[in-house]
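Q: Sharing a structure, written as structure tokens. Questions coming.
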Amino acid sequence: MFENLLDWDGKLDIRDVAYSKGVLSSPYLRKDHIHLASIPGYGFLVLKTKLLPLFVVFSLMLLIWHVEVFTQLKKTRFAKIVFCIVVLFFLVYSFELTDMLYGGGWYPKEKDELGYFRYMKDNATLKLYNGNETTSKVNLQITLWSYERDNVVNLYLNRESIGSYVVSPNGTIASTAFVYLKPGVNLLTLSSQEDCNKPENVLTQGDSPICYSFALRDIKIIPSDDPSFDKGWYPREEDELGNFRYMGNNASFSLHSNDVSVSKVNLRLTLWSHLKDRMLDLYLNGEKTGSYMVSPNGAILSTEIVDLNPGENILTLSPRDACSNHEGTPVTDTPPTCYSFAVRNIEIIPVDDPSFDKGWYPREEDEFGYFTYMGSNASLKFMVDSTSSKQTTLTYLAWGYNGRDELEIYLNNKSLGMFKVLNNNTETLKLQVSPGVNTILFHSTTNCDIPQNVENNSLDTRCLSFAFREINLMN
43 MFENLLDWDG KLDIRDVAYS KGVLSSPYLR KDHIHLASIP GYGFLVLKTK
93 LLPLFVVFSL MLLIWHVEVF TQLKKTRFAK IVFCIVVLFF LVYSFELTDM
143 LYGGGWYPKE KDELGYFRYM KDNATLKLYN GNETTSKVNL QITLWSYERD
193 NVVNLYLNRE SIGSYVVSPN GTIASTAFVY LKPGVNLLTL SSQEDCNKPE
243 NVLTQGDSPI CYSFALRDIK IIPSDDPSFD KGWYPREEDE LGNFRYMGNN
293 ASFSLHSNDV SVSKVNLRLT LWSHLKDRML DLYLNGEKTG SYMVSPNGAI
343 LSTEIVDLNP GENILTLSPR DACSNHEGTP VTDTPPTCYS FAVRNIEIIP
393 VDDPSFDKGW YPREEDEFGY FTYMGSNASL KFMVDSTSSK QTTLTYLAWG
443 YNGRDELEIY LNNKSLGMFK VLNNNTETLK LQVSPGVNTI LFHSTTNCDI
493 PQNVENNSLD TRCLSFAFRE INLMN
């Protein structure tokens, strides 16, 4: 009888309401737990209501027969042990620490062949507890379905929108991009875009207050396992090649440099585009570092040399085409789960030779030693510790990519002429250098080619012109 006690518009009412697969229960939240306190660093301390009737019966029996009970406890040690076990049982199984509590708007817990779930009305809330002393970066993964028709659920964390997701009656896993949980209690609100529906199988006299929008089966809080993934990333996934993450319309990496001065590095990303070819623009600390065409078959994207500032640096990935849902339909409004690229890995590759300036790709190695490719243009910078100009000798061993053989060389913005590049032949060039910083620029007269466009099955998106194996400056 107590199960069917309703609080409807502030009035108490007793009804037998058959609903949701014939279960007799109150159409409003019958609490599985009673929140007692929030324990800093641990979560919500709750009292389980499942054993509460037994606890009431036990307390009544103890109250009625307390004289006999205490007499037996004084007489035998066995009675004391049994009494302690019973009390300990209730303490252990009646209290629980949890990091999630159901708030308002939920119907009683139900069970089907896949496990437990709860229906909600138009709006419902959950309390999430973050036991860390600082803000935590997490993904939320919510398993739910809509009642009878497609619907949109709007999610709010601490009253700020974190996304809208199309949910079908067949079920949806709504995965948020990274969100931030503040220390302590966080409020997650689920709000139905459409009005809720009243179940047809509810047997009542008169109008029923029961009304469903969504059913929630599970919610997972997935901590970020890699601090370099910053904003816009979906939860980590895994395939036979390892871990990866999808991104939406924009995403960013947080790259930290421990150096006290600017450091020169190459960035290398392994990624693929979702369902179709897409152009990707990269920005480091707000400055564009390159554009790359990425296919669904994958790409290995290597930047030319870039500068990392001391401390935090933000690398932003921005697709030119909108992200797509699982079926490939572009999504430009507030996204449901919407993918543009998947990134498997990012590497920060320090530049070993400080004289290498702009335009160089990461150093590679073959059976003959190390070599480095350049784009259309690449430069070297070197210091001349002298009070007057002097002569030095530049030697290099180079070869052209995809048939190239003509290279123009500049010294301090003045052309030294056009030079033929013979494969694996060491070239020598006399230079008149100035005191202080000098710059040598190599320029490909025929631009550069992308291996992905000229080689079968290549994933390489670099734009290559010449490779250099040995570059030396001799006085």
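The opening position of the sequence shown corresponds to residue 43 in this note's numbering, with each subsequent residue numbered one higher.
Don't be surprised by glycine CBs; every beta carbon is placed ideally from N, CA and C.
Kindly indicate which three-state DSSP category Gln494 falls into: helix, strand or coil?
A: The residue you call residue 494 lines up with position 452 of the sequence shown. Looking at Gln494 - three-state DSSP - the assignment turns out to be helix.
Q: How is His485 classed by DSSP in three states: helix, strand or coil?
A: For the purposes of this step, residue 485 is taken as residue 443 along the sequence shown, with counting starting at 1. Reduced to three states, the DSSP call for His485 is strand.
Q: Buried or exposed: which applies to Thr218, given that a residue is buried once 16 or more other Cβ atoms fall within 10 Å of its Cβ?
A: To locate residue 218, count along the sequence shown from 1; it is residue 176. That one is buried.
Q: Any chance you could list the beta strand (DSSP E) runs of at least 3 consecutive residues sitting entirely within the region 275-349, in chain order?
A: Listed in chain order, they are 279-281, 284-288, 293-299, 305-315, 320-326, 329-336 and 341-344.
Q: Do you know how far the Cα of Ser294 is from the Cα of Asn327?
A: Numbered from its first residue, the sequence shown carries residue 327 at position 285. Numbered from its first residue, the sequence shown carries residue 294 at position 252. Spanning the two alpha carbons is a distance of roughly 10 Å.
Q: Would you kindly work out how many angstroms separate the C-alpha atoms of Trp148 and Asp237, rounded to a whole number?
A: For the purposes of this step, residue 148 is taken as the residue at position 106 of the sequence shown. For the purposes of this step, residue 237 is taken as the residue at position 195 of the sequence shown. About 15 Å.
Q: Nearest to Lys163 by CA position, among Ser270, Val221, Met142 and Ser233, is which residue?
A: For the purposes of this step, residue 163 is identified with residue 121 of the sequence shown, where counting begins at 1. Taking only the C-alpha atoms, the option nearest Lys163 is Ser233.
Q: With DSSP collapsed to three states, give me the class of Asp375.
A: Residue numbering aside, residue 375 sits at position 333 when the sequence shown is read from its first letter. Because Asp375 carries a pLDDT of 43, less than 50, the predicted location of this residue cannot be relied on, and the following value inherits that uncertainty. Correct three-state label for Asp375: coil.
Q: Can you pull the DSSP bridge partners for Ile390?
A: Taking the first residue of the sequence shown as position 1, residue 390 is located at position 348. In DSSP, Ile390 forms a bridge with Leu309.
Q: Between which two residues does the beta strand (DSSP E) carrying Gln235 extend?
A: For the purposes of this step, residue 235 is taken as the residue at position 193 of the sequence shown. From DSSP, Gln235 is part of no beta strand (DSSP E); its letter is neither H nor E.
Q: With H, G and I counted as helix, E and B as strand and the rest as coil, what does DSSP make of Gly34?
A: Lying outside 43 to 517, the shown extent of the chain, residue 34 is not represented and no answer is given.
Q: On the CB-based measure, 16 or more other CB atoms within 10 Å of its CB, does Asp408 come out buried or exposed?
A: Residue 408 sits at position 366 when you count from the first residue of the sequence shown. Flag for Asp408 reads exposed.
Q: For Ile106, count neighbouring Cβ atoms within 10 angstroms of its own Cβ and tell me buried if that reaches 16, exposed if not.
A: For the purposes of this step, residue 106 is taken as the residue at position 64 of the sequence shown. Exposed, by the Cβ-count rule.
Q: Out of Leu322, Val393 and Leu343, state which residue places its alpha-carbon closest to the alpha-carbon of Asp349.
A: Residue numbering aside, residue 349 sits at position 307 when the sequence shown is read from its first letter. Closest option to Asp349, Cα to Cα, is Val393.
Q: Which residue wins for smallest C-alpha separation from Glu282, given the options Tyr334, Arg386, Asn291 and Lys330?
A: If you number the sequence shown from 1, residue 282 lands on position 240. The shortest Cα separation from Glu282 among Tyr334, Arg386, Asn291 and Lys330 belongs to Arg386.
Q: Bridge partners for Asp395 per DSSP, in chain order?
A: Sequence index remark: in the sequence shown, residue 395 carries index 353 (1-based). Paired residue(s): none; Asp395 is not in a bridge.
Q: Where do the ends of the beta strand (DSSP E) carrying Thr176 lie?
A: Position 134 of the sequence shown, counting from 1, holds the residue named residue 176. From DSSP, Thr176 is part of no beta strand (DSSP E); its letter is neither H nor E.
Q: At the level of alpha carbons, what is the spacing between Tyr198 and Ser382?
A: Indexing the sequence shown from 1 puts residue 198 at position 156. Indexing the sequence shown from 1 puts residue 382 at position 340. Approximately 23 Å between the Cα atoms of the pair.
Q: Could you tell me the boundaries of the beta strand (DSSP E) in which Ser421 lies?
A: Indexing the sequence shown from 1 puts residue 421 at position 379. Looking at the DSSP string, the run of the beta strand (DSSP E) that includes Ser421 is Asn419 to Val426.
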